[in-house]
Amino acid sequence: MLKYNFKYELKFLLRSRWIQLLYIILLIVFGFSVFNGKQKVDKIKNTIVAAEKQVKENDIMMLKLIDSIEQGYKVSVPRWTVPTNPMAIGNYHPRVAAMKPLQLSFISTGQADLYTSYIKPTVSADDYALNFTEMTSPIQLLFGSFDLAFVIVYLIPLLIIAFSFNVFSSEKERGSLRLIASQPIQINIWLLQKLGLRFFWLSIIFISTITIILLIVSSEIFLQPRIYITLLALTLAYMFFWFVLAFIINIWVGSSANNAVALIGLWIIFVLLVPSVLNQLGNTIYPMPSRTLMINEMRAKKLEVTEKQDEILDNFLRDHPEYATNDPSQTTGFYHRYIASQKLIKEEMKPLVNTFENQLKNQQNLTRSLKWISPALIMQESLNKLAGNSTEDYENYRIQVINFAETWREYLNTFLFNNLDFSTNDYINLPKFEMIRDKFSVTSAILTLLLISISLLLPGLVFLNKDFYFDE
Amino acid sequence: MITTNNLTKIYGEQKALDQLNLRVNQGEIYCLLGANGAGKTTTINLLLGFIKPTSGIALIDNMSVHQNSQETKKKLAYIPENLMLYSSLTAIENLDYFSGISKKEFSKSELETFLIDAGLQKEVFNKRISTFSKGMRQKVGIAIALAKDAKALLLDEPTSGLDPKASNEFGLLLQKLCKKGVATLMATHDLFRAKEVATSIGIMKDGKLKEQFKGDKISLSKLEKVYLNTMDYKS
């Protein structure tokens, strides 16, 4: 039976122009979404390149100035920007701490449209500027831009529904099912084969169209076939889930209209409703404290410490003897007091910042623990991971930037508190930022999708063993 | 070949079929006459195993339809009132598909022979079913039965809507199959065609078999009279 179903299902799909239609639709939506994503990624890349170029140009000027000063020339720049002053380096010649896009970044915008792709941490800026408290759970990102992830998560299930909702019911409604059922075959196996073949053909169409589009737009991806295969495997597992749903609905629901309504209803539940409910649940169980409160407290704390900066500096030097020298010529100025007060502010603000961060983490953990309820969520999160734009990626970036900012300050503070000038020889030792990406795997996501699909398929397969009867 | 023993089907309060006893031997054409709702289609659905009987048994070649569904379906062919084949496939493709899923594989020339035997003209073999008239589709249905080498044929008002010529051709085809030993049970409203082709005729009303005759023992006018009397019509 499979041989004949295979042969004639293909003929049927070709003659009813389903295959041609799907090719056209997928080429258009994949083409547009990949182009769209690529544009965004190129923009990010260009922004980072421009920022790095600007730093390089500034560095050339800076080194020239230092060289002039070292040779005893007088330079005509404002006093506070003279580059032998370590705080001038720290504030006016920061390094670029960039989160460079990955090869597959164009597939999913993820958090990329919410957060900056690079930061230039300075010695005087506080870490709260790096506090991504607006970072949301990936659920909200489901309502994102028209990228490949949007097409896969939202549109592919709709195409599968259109392609499979009436495989059984249309035969029933046309009357051909009676002729089929009069043959010595098991109707449910026949239906399983028909839907299985549709999954097969849609998979072939998906693989070929996405491959064509990637070859045109981003052929370098094929240099890393693992990424390409992972993307395919993930999407096929997600498509399989929707075909399983279609199979169940075809067996258990009646007319084509009812099937369509049932499948659209499931699409709304899995793609829209569950993510939204989980989002609300996260906000209700772990509400974020007021950001205004945090800013007000921060201001009050700043005011308080500014008023007693001399006392703070004394305490700071007592706590950090490495910065306190016995050189009687050492003078303390604005930056000495500022750095010391910043440290204090940071420590005092820690509990409040932690409250924000913990609530955010709790929200994300809740979502993570319940994401299996919606395969759309699993899919979106996995595509974000593949694209390197996931919540975890940005959290990782944030932590690395904060650490880098600390390294940057510490490096230049040594000069400040030892009354040392910054020289051309020190330039090479300036801390540099290189983001280290966490290793990730979407294998568990693929397995979860398959597990969900199989656990749904099982009742259907049990039903397969029963004899088929027309509605009585 | 086709047998029903006290076959009964009840839907809720309504008896669709009441203790039907019927026997169609090889080479016989049994025509079931009756008004709409008399139980003709229910009988055919029960013989096809499409619905479960409330009581009684339906047999094809002495095998219970409901206990040996796959085996009995191998031996029977079915042509409904509107034979819905795959409209985007050609006649020969439809025949190949329905034979194939029944695990009967034929070469192209063999398939063509079945279509010729069913009375279809060669020039339409490769035309899509969507362009076929009802009569032509019924012939493809006969070809499917021939390819299946069916021993029993179940027909549910197959000549309804056919023009007299097509109806006559269909009748001749049935007689041809009859000579090959096929047992045919045909539910119909068409008294004339029943008289023409049937070896036995039964009249059903309210799920019961009210009258039975040998086809050659009754004239068309008498058949009509008995039919109308059974239906309580005043002529």
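Protein chains in written order, with our numbering: chain A, 1 to 472; chain B, 1 to 235. All C-beta atoms, glycine included, are put in the ideal place defined by N, C-alpha and C. It should be emphasised that the depicted structure is a prediction, and the values quoted were computed from it without experimental measurement.
Asked, Found
"Counting only Cβ-Cβ distances shorter than 8 Å, please list the residues of the segment 76-105 of chain B near chain A, keeping chain order.", "Leu-76, Ala-77, Tyr-78, Pro-80, Asn-82, Leu-83, Met-84, Leu-85, Tyr-86, Ser-88, Leu-89, Glu-93, Asp-96, Tyr-97, Phe-98, Gly-100, Ile-101, Ser-102 and Lys-103"
"With a CB to CB cut of under 8 Å and the five nearest residues on each side skipped, what residues in its chain are close to Leu-195 of chain A?", "Ser-164, Val-167, Phe-243, Ala-246, Phe-247 and Asn-250"
"Helix or strand or just coil, what does DSSP make of Tyr-286 of chain B?", "The shown model of chain B, from 1 to 235, leaves out residue 286 of chain B, and the question about it has no answer."
"Mind checking the segment 37-56 of chain B against chain A and listing, in chain order, the residues whose C-beta falls within less than 9 Å of any C-beta there?", "Asn-45, Leu-48, Gly-49, Phe-50, Ile-51 and Lys-52"
"Measure from the alpha carbon of Ile-475 of chain A to the alpha carbon of each residue in A:Gln-359, A:Asn-91 and A:Leu-234, then state which is nearest.", "Within the shown structure, residues of chain A are numbered from 1 to 472, placing residue 475 of chain A beyond reach of any answer."
"Quick one: is Met-136 of chain B buried, meaning 16 or more other Cβ sit within 10 Å of its Cβ, or exposed?", "buried"
"State the Cα-Cα distance for the pair Leu-102 of chain A and Asn-389 of chain A, rounded to the nearest angstrom.", "9 Å"
"Going along chain B, which residues have a C-beta under 9 Å from Ser-16 of chain A?", "Ser-88"
"Residues of chain A with CB under 8 Å from Lys-74 of chain B, in chain order?", "Pro-184"
"Which complete alpha helix (DSSP H) runs does the segment 228-294 of chain A hold, if anything under 4 residues is left out?", "256-267 and 274-285"
"Ignore the nearest five residues each way along the sequence and tell me which others in Phe-30 of chain A's own chain have a CB closer than 6 Å to its CB.", "Thr-209, Ile-210 and Ile-213"
"When you compare each of A:Ser-455, A:Leu-461, A:Leu-456 and A:Thr-407 to Val-123 of chain A by their alpha carbons, which one comes out closest?", "A:Thr-407"
"Helix, strand or coil for Asn-56 of chain A? Go by DSSP, reduced to three states.", "Residue identity differs from the one stated: residue 56 of chain A is Lys in this sequence, not Asn. Helix, per DSSP."
"Kindly indicate which three-state DSSP category Lys-103 of chain B falls into: helix, strand or coil?", "coil"
"Taking DSSP as the reference, what is the three-state secondary structure of Lys-432 of chain A?", "coil"
"Assess contact between the segment 71-88 of chain B and the segment 140-147 of chain B, defined as three or more Cβ pairs (one per stretch) separated by less than 8 Å. Is contact present?", "yes"
"Quick one: residues in its chain with C-beta nearer than 7 Å to the C-beta of Pro-157 of chain A, no 5 flanking neighbours on either side, listed in chain order?", "Trp-242, Trp-267 and Val-271"
"Which first and last residues belong to the beta strand (DSSP E) in which Thr-4 of chain B is found?", "2-11"
"Of all the residues that make up the segment 154-173 of chain A, which are near chain B by a beta-carbon distance shorter than 9 Å?", "Glu-171"
"Does DSSP put Gln-400 of chain A in a helix, in a strand, or in coil?", "helix"
"Using beta-carbon positions only, say whether Phe-422 of chain A and Asn-85 of chain A come within less than 8 Å of one another.", "yes"
"If I measure Cβ to Cβ from Ile-161 of chain A and keep anything under 8 Å in the same chain, skipping five residues before and after, which residues do I get?", "Trp-242, Ala-246, Ala-260, Leu-263, Ile-264 and Trp-267"
"Short of 9 Å Cβ to Cβ, which residues in the segment 39-62 of chain A face chain B?", "none"
"Given this structure, state the Cα-to-Cα distance separating Glu-112 of chain B from Lys-122 of chain B, to the nearest angstrom.", "8 Å"
"I'd like the span of the beta strand (DSSP E) that includes Tyr-78 of chain B, first residue to last.", "76-79"
"Counting only C-beta atoms, is Asp-18 of chain B closer than 8 Å to chain A at any point?", "no"
"How would you write the range of the alpha helix (DSSP H) that Thr-131 of chain B sits in, first residue to last?", "That residue, Thr-131 of chain B, is in no alpha helix (DSSP H); it is neither H nor E in DSSP."
"Cβ of Leu-22 of chain A less than 8 Å from any chain B Cβ?", "no"
"Starting from Gln-363 of chain A, follow the alpha helix (DSSP H) in both directions and report where the run begins and ends.", "334-370"
"DSSP three-state call for Ile-60 of chain B: helix, strand or coil?", "strand"
"So Ala-181 of chain A contacts chain B; which residues on that side make the cut at Cβ distance below 7 Å?", "Phe-50"
"Check whether the Cβ of Ile-10 of chain B lies closer than 8 Å to any Cβ atom in chain A.", "no"
"Please confirm whether Gly-175 of chain A has its beta-carbon closer than 8 Å to some beta-carbon of chain B.", "yes"
"For Thr-109 of chain A, count neighbouring C-beta atoms within 10 Å of its own C-beta (all shown protein chains included) and say buried if the count is 16 or more, exposed if not.", "buried"
"For Ile-51 of chain B, name the three-state secondary structure that DSSP assigns.", "coil"
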